[in-house]
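Read the structure below first, then the notes.
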Amino acid sequence: MSSKTVSVVSRLASQSRRFASLRETVGERDPSLLYEPKFQDKREFPEYNTINVRIQGHDFGSLEKYQAYIHKTAKRFGFSVSDSYAVAAQTQKAITYKPYSTVAESEIDLPTYDRVVRLTEVSAPRFSLFSQIIRAHIPVGVTMTVKEHEKADEDSRYIPDQLLKQKQEELKALDDPNVRRNLGWE
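Numbering (full-length UniProt numbering), first residue to last: 1 to 186.
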């Protein structure tokens, strides 16, 4: 073979290598997209700012379990649980009377336990289904309140320190010139 024919053949071979096959030009295909196209869902739904789910009941054990259930369900729905806490228990006195008299038969102290689960990033369509599910699974004797978060909810979380408030009032009273004069400071 002459050198011209060898160079022509090698040139044709190098040109054919430059052209990609049809399979190479198409690239890798996802098998799930073989028969159905992929649809991009670009809908945007409104979101609630912060939602408080407050549960109250007399039975501590069932209240704790139900709080854990709400927490788990919120995570499954994709909501962010920003806070989950207990509020101080309130005790109420119940008095039973003897029949047809005003004489007390017994006194019972009923503690009411209170738990709050605070949710953020709550989409409106999912929230309606979430609230229906947790209402369907509410234990006997437990009451539930669902509302948007307010400043008053945060304030009710903390127990006021009476001694601290009393001392603060005494310090404010010391600023009064009459009190300072009576104490002999001026």
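Here a beta-carbon is modelled for each residue, glycine too, at the ideal position from N, C-alpha and C.
The structure displayed is predicted, hence computed values, not measured ones.
- When the Cα atoms are used, L129 and T50 turn out to be separated by approximately 17 Å.
- In the DSSP assignment, I95 falls within the unbroken beta strand (DSSP E) covering S80 to Y97.
- At a cut-off of 3 residues, the continuous stretches assigned as beta strand (DSSP E) that sit fully inside the region 102-173 are 104-123 and 142-148.
- No Cβ-Cβ contact shorter than 8 Å links F60 with Y100.
- For E107, the closest C-alpha among the options S21, T25, T91 and G27 is that of T91.
- DSSP places G27 in no beta strand (DSSP E); its state is neither H nor E.
- One Cα belongs to A88, the other to L110, and the distance between them is close to 14 Å.
- In this structure, the straight-line span from the alpha carbon of V53 to that of E105 is close to 38 Å.
- Judged by DSSP in its simplified three-state form, R181 adopts helix.
- Under the three-pair Cβ rule at 8 Å, the region 60-80 does not count as touching the region 155-174.
- Going by DSSP, Y100 is part of no alpha helix (DSSP H) at all; its letter is neither H nor E.
- Around the beta-carbon of L22, fewer than 16 other beta-carbon atoms lie within 10 Å, marking it exposed.
- R54: member of the beta strand (DSSP E) spanning E47 to G57, first to last residue.
- For S62, the closest of S32, A152, R115 and N182 by C-alpha to C-alpha distance is R115.
- Contact between V117 and H149 is absent: CB atoms are separated by about 11 Å, not below the 8 Å threshold.
- Within its own chain, the residues whose Cβ lies closer than 6 Å to the Cβ of D153, once the five positions on either side in sequence are excluded, are N52, listed in chain order.
- For the pair D30 and A86, the Cα-to-Cα distance works out to about 49 Å.
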